[in-house]
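The structure under discussion appears below in the form of structure tokens.
In our numbering, the protein residues as written are 287 to 426.
Rendered as structure tokens:
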């Protein structure tokens, strides 16, 4: 393979270790200007902050009247979720007897510390109380 790019005589084998002069390989690469902009870099790239602390996952499932949308239920959840809710994903929707069950994965995470069960349970209690204050809504 190295012969095809003209490097076979430049490869040095000593004590079972190969030495290949990379400057010769790099010199054979096409000019960077030959690439279309965007192939090597993305001008739309954005920095996303990440947390060094672990996340906490909770699931919630809610029975609501058939005419209530999942967006309405999610809005109710978001009201009490605080900034610690970093991600949510609806994973289930089930209809039975003029009611619908919606279920979400809720991911909580802090950028300052490891969250405790006590903290997350307090948030989930507020979310549950808020949901159950709506007529016909029930946390399963």
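Beta carbons: idealized from backbone N, C-alpha and C, even for Gly. All figures in this text were calculated on a predicted structure; none of them were measured in a lab.
Spanning the alpha carbons of residue 302 and residue 312 requires a straight line of approximately 24 Å. Across the structure, residue 389 and residue 376 are spaced so that their CA atoms are roughly 6 Å apart. With a contact defined as Cβ atoms closer than 8 Å, residue 391 and residue 345 qualify at about 6 Å.
No residue range can be given for residue 353, since it is assigned to no alpha helix (DSSP H) and is classified by DSSP as neither H nor E. Here residue 410 is buried, its C-beta having at least 16 other C-beta atoms within 10 Å. Taking the C-beta atoms as reference points, residue 397 is found nearer than 8 Å to residue 337. The three-state reading of DSSP puts residue 343 in strand, counting E and B together. Secondary structure at residue 395: coil, using DSSP grouped into helix, strand and coil.
The three-state secondary structure of residue 406, taken from DSSP, is helix. By the C-beta criterion, the region 347-367 is judged to be in contact with the region 377-386, since at least 3 inter-stretch pairs fall below 8 Å. Residue 363 counts as buried, since at least 16 other C-beta atoms from the protein chains shown sit within 10 angstroms of its C-beta. The C-alpha of residue 359 is placed about 12 Å away from the C-alpha of residue 422.
Residue 303 is bridged by DSSP to 300.
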